[in-house]
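Residue numbers (full-length UniProt numbering): 1 to 428. Backbone N, C-alpha and C fix where the C-beta goes; we use that ideal spot for every residue, glycine too. All figures in this text were calculated on a predicted structure; none of them were measured in a lab. Reviewing the structure listed below.
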Ligand code: ADP
Ligand code: ASP
Ligand code: MG
């Protein structure tokens, strides 16, 4: 008998019919003799709708209250799912993150899981029942307040429970058949990746492949939790994500011609701030990024221009999550006189494309090929950054889709037309 943690994303439980469909799948897994723990996200785009609602009340809602509001989405889906499973003659009980023992730090809106004490979940399993857990939420011990784990956080709930319960596998059910070489919504002939190492998946997730939340992959790597990403709408085998030593034998044997590139990721959620005409003297950059760091924004790429010899002034541009833009602009504006720069520019019309692949380390010429592909597609590159297994470029947001397709083709990643099916969801 296996212990299985299954996570169903919002797109898999978009309406009452889908909740019943998913319930059938869960009941089957239970009837096949498994112990089953289910993590569920809010229905469809509920979380976005709740955020929109809060925005209509105030542009900067208190973070504690926003967390209470958002956790309501998962409470709706968890209880409906428990009802639907019970209706099928299988006993099921739903639990909030707090009841399930997901303890987090106190950072509202992007809390980190610090402990998992799933006593009630174990009791439920011992009684032969299915346990349903609300994703994306926990409780902080310091104040006993509810917290949320950041967008896409139900993936992290699922992996953390799988680790805490020592589950055999963590299955992530979504609206595509697995992890593809690019987002199936943009590249319909993307290829399904059969297996990815934690490292490759981390890089893809960090670069915007939202099929798995970044923190869930970090957690899985730390606790060595094997993940299976698959569709809740089909019976196809999906993508396995695990440590290198669990790589399937047949893939090990074909390492000779193994792909250099695992995929092309894209991200539209970042913005760019340019600090114009900063005095090019020691300490300028240090002071700018001190101020930015205090806002809590995570900086991604940084570019500093060559300073004009005649003026001794330079421009510094950096990218950051778009949602951190307003607070960061305000913080920099407050120190304009002290830093002596001329002005600030805010640009939320950028897109980031990242080419990811462990084989890149040992293959020269990857950047040249990437830049040639973008040139041939007539796409201008605004910023570039690299790591050992990744190259990222910033383009205009409205040419990002074309850029992804051009690069996907240039690296020979295209598969058969229509291989990458999108079963549901709005892609929001
Ligand atoms: P869920 O509601 O199940 O949590 P998400 O919307 O968070 O689903 O994630 C699934 C979506 O991730 C897919 O519909 C797809 O558009 C997007 N996606 C982005 N990059 C990839 C990729 N490389 N492979 C598969 N899906 C991807
Ligand atoms: N409902 C949350 C979100 O939309 C968590 C999740 O779906 O994983 O981000
Ligand atoms: Mg998700």
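- For the ligand ASP, a non-hydrogen atom lies closer than 8 Å to the CB of residue 46.
- For residue 422, the closest C-alpha among the options 249, 12, 271, 222 is that of 12.
- For residue 304 and residue 281, the gap between their C-alpha atoms comes out near 12 Å.
- In the three-state reduction of the DSSP assignment, residue 321 falls in the strand class, which pools E and B.
- Distances taken from the Cβ of residue 73 to the heavy atoms of the ligand ASP include one shorter than 8 Å.
- Look at residue 9: its beta carbon is less than 8 Å from one of the heavy atoms in the ligand ADP.
- One Cα belongs to residue 298, the other to residue 206, and the distance between them is close to 12 Å.
- Within the model, the alpha-carbon separation for residue 375 versus residue 394 is close to 14 Å.
- Judged by their CB atoms, residue 190 and residue 296 are not nearer to each other than the 9 Å cut-off.
- In the DSSP assignment, residue 35 falls within the beta strand (DSSP E) that extends over 35 to 40.
- Here residue 170 is bridged, per DSSP, to 5, 227.
- Within the chosen limit of 8 Å, the ligand ASP does not reach the beta carbon of residue 215 with any heavy atom.
- Residues of the same chain with a CB within less than 6 Å of the CB of residue 327, apart from the 5 flanking positions on each side, are 295 in chain order.
- Between the alpha carbons of residue 61 and residue 143 lies a distance of about 19 Å.
- Distances from the CB of residue 210 to the heavy atoms of the ligand ADP include at least one below 8 Å.
- At least one heavy atom of the ligand ASP lies less than 8 Å from the C-beta of residue 42.
- The DSSP assignment places complete alpha helix (DSSP H) segments of no fewer than 4 residues inside the segment 104 to 140 at 119 to 126, in order along the chain.
- In the structure shown, the three-state DSSP call for residue 289 is helix.
- Bounds of the beta strand (DSSP E) holding residue 274 are 270 to 279.
- With respect to residue 213, residue 155 sits close: the two C-beta atoms are nearer than 9 Å.
- Closest in C-alpha terms to residue 167, from the list 66, 324, 210, 36, comes 36.
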